[in-house]
Amino acid sequence: AAALIDVHSLAELRKLLGQLHEQQLVYRVIGRGSNILVTDKGFPGVMIRLKGELEQVDPIGALDENSDGLETEKAERGELLVKAGGGCSLGRFLSWCTKQGMSGLEFMAGIPGSVGGAVRMNAGALGGEIGDRLHSVECVDACGGVIHVPRSELQLSYRKAEIKGRDIDALIVASANFRLMRAEQGEIRSRCAGYLDQRKGKQPTGVSSAGSFFKNPAGDAAGRLIEAAGLKGRCCGEAMVSPVHANFIVNTGKSTATDILTLMEQVQEAVFQEFAVRLEPEVEII
1 AAALIDVHSL AELRKLLGQL HEQQLVYRVI GRGSNILVTD KGFPGVMIRL KGELEQVDPI
61 GALDENSDGL ETEKAERGEL LVKAGGGCSL GRFLSWCTKQ GMSGLEFMAG IPGSVGGAVR
121 MNAGALGGEI GDRLHSVECV DACGGVIHVP RSELQLSYRK AEIKGRDIDA LIVASANFRL
181 MRAEQGEIRS RCAGYLDQRK GKQPTGVSSA GSFFKNPAGD AAGRLIEAAG LKGRCCGEAM
241 VSPVHANFIV NTGKSTATDI LTLMEQVQEA VFQEFAVRLE PEVEII
């Protein structure tokens, strides 16, 4: 990247984007760097990380069941609204929820990445999606303008979030509000541990990867197709299709982005030849 800039508040982010817009510089928010593969050529623009206030988690209040407004007092029962900064890691957010006794996102346990990135791709696992608990999103556009997006204007699908009438790729998720439920800390911890055990039993550990590499095609699983095509353990350089879960491409040493991309293309071609299905990367290539 030409530069790496940390911003610590909404005001800083708005100012920076305004300046980049005036100078016609390209930029990219990298969050926690998960689900991103940077080519060996590198990124020609400015990479931005959301820090400080944009990593915080704050309770807002109890959700009024009769409107989109908020009651002034928190309810002992019912849904509560919680605001999480776009730069907050999912692990930190879930830890905060556990300590505060707020349930609804336990299925995210063990998923790397940031809140902003998870919202943009409607991240999920084990039957749940982050969009299931979204109430609203606060975004910043390329000129530094702030846009408040209610859930009704979000179009969420498998590993994809869209906003009616706008290009979400041109927006930065500064924060998101979530609908959560009160629960005992022990119950939340137990559910998180159960989800973690499921992930550890099915996914490679102790090696570097970008997470699930391909999106699941309709009615099937990318990992099943890749394994059925006999590609588990296939290598290119030091990139390898994981022997544990075929939808993971792992770095066994000092793999280059070119190794990974070449292996990706080999997997796509082999699966297409075998099953007439073209796998689409879930990892974003920049």
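By full-length UniProt numbering, the letter at position 54 of the sequence shown is numbered 54, and the numbering carries on one by one without gaps.
Just so it is clear, CB atoms sit at the ideal spot from N, CA and C, and this is done for glycine as well.
Since the model is a prediction, treat every value here as computed from it, not as a measurement.
Residue from the options whose Cα sits closest to the Cα of residue i
{"i": "C192", "options": "A257, G110, A170", "result": "G110"}
{"i": "Q185", "options": "Q23, G101, D58", "result": "G101"}
{"i": "I48", "options": "G117, T252, L105", "result": "G117"}
{"i": "D141", "options": "H21, V244, G113", "result": "H21"}
{"i": "residue 374", "options": "P59, C97, E53", "result": "Outside the shown range of the chain (1 to 286) lies residue 374, about which nothing can therefore be said."}
{"i": "M264", "options": "K254, G253, R278, E274", "result": "R278"}
{"i": "G124", "options": "R159, I5, L16", "result": "R159"}
{"i": "N251", "options": "I286, G211, N216", "result": "G211"}
Burial state of residue i, where buried means 16 or more other Cβ atoms lie within 10 Å
{"i": "E79", "result": "buried"}
{"i": "Y195", "result": "buried"}
{"i": "residue 307", "result": "Absent from the structure is residue 307, since the part of the chain shown begins at 1 and ends at 286."}
{"i": "S103", "result": "buried"}
{"i": "S152", "result": "exposed"}
{"i": "G85", "result": "buried"}
{"i": "T205", "result": "exposed"}
{"i": "I188", "result": "buried"}
{"i": "N66", "result": "With a pLDDT of 44 at N66, under the threshold of 50, the predicted position of this residue should be treated as unreliable, though the coordinate-derived value follows. Exposed, since its Cβ has fewer than 16 Cβ neighbours within 10 Å."}
{"i": "G223", "result": "buried"}
Whole-number beta carbon distance between residue j and residue i, since they are thought to touch under 8 Å
{"i": "F248", "j": "S209", "result": "5 Å"}
{"i": "S175", "j": "E138", "result": "5 Å"}
{"i": "R179", "j": "H135", "result": "5 Å"}
{"i": "R133", "j": "L105", "result": "6 Å"}
{"i": "A229", "j": "V271", "result": "5 Å"}
{"i": "V119", "j": "A170", "result": "With 8 Å as the limit, V119 and A170 do not qualify as a contact, their Cβ atoms being about 15 Å apart."}
{"i": "V149", "j": "R14", "result": "That belief does not hold up - the Cβ atoms of V149 and R14 are roughly 16 Å apart, past 8 Å."}
Beta-carbon proximity check, residue i vs residue j, cutoff 8 Å
{"i": "G91", "j": "K51", "result": "no"}
{"i": "L231", "j": "V207", "result": "no"}
{"i": "N122", "j": "V283", "result": "no"}
{"i": "C143", "j": "G18", "result": "yes"}
{"i": "V46", "j": "A3", "result": "yes"}
{"i": "L214", "j": "E129", "result": "The sequence shown places Phe at residue 214, rather than the Leu named in the question. Not in contact: F214 and E129 (Cβ atoms no closer than 8 Å)."}
{"i": "V29", "j": "I172", "result": "yes"}
{"i": "V244", "j": "G233", "result": "no"}
{"i": "D40", "j": "T262", "result": "no"}
{"i": "P112", "j": "R199", "result": "no"}
{"i": "P44", "j": "V26", "result": "yes"}
{"i": "G127", "j": "F107", "result": "yes"}
{"i": "V177", "j": "V82", "result": "For clarity, residue 177 is Asn in the given sequence; the question names Val instead. Yes, the Cβ-Cβ distance between N177 and V82 is below 8 Å."}
{"i": "G219", "j": "E238", "result": "no"}
{"i": "L37", "j": "I260", "result": "yes"}
Unbroken alpha helix (DSSP H) run spanning residue i, endpoints
{"i": "R92", "result": "90-100"}
{"i": "V267", "result": "257-275"}
{"i": "V207", "result": "That residue, V207, is in no alpha helix (DSSP H); it is neither H nor E in DSSP."}
{"i": "K15", "result": "10-22"}
{"i": "G85", "result": "Segment 79-85 is the beta strand (DSSP E) holding G85; no alpha helix (DSSP H) there."}
{"i": "I226", "result": "222-228"}
Endpoints, beta strand (DSSP E) assigned at residue i
{"i": "E62", "result": "Looking at the sequence shown, residue 62 is not Glu but Ala. Looking at the DSSP string, the run of the beta strand (DSSP E) that includes A62 is 57-62."}
Any non-hydrogen atom of the ligand MN closer than 7 Å to residue i Cβ
{"i": "D40", "result": "You won't find the ligand MN in this model; it holds no ligand whatsoever."}
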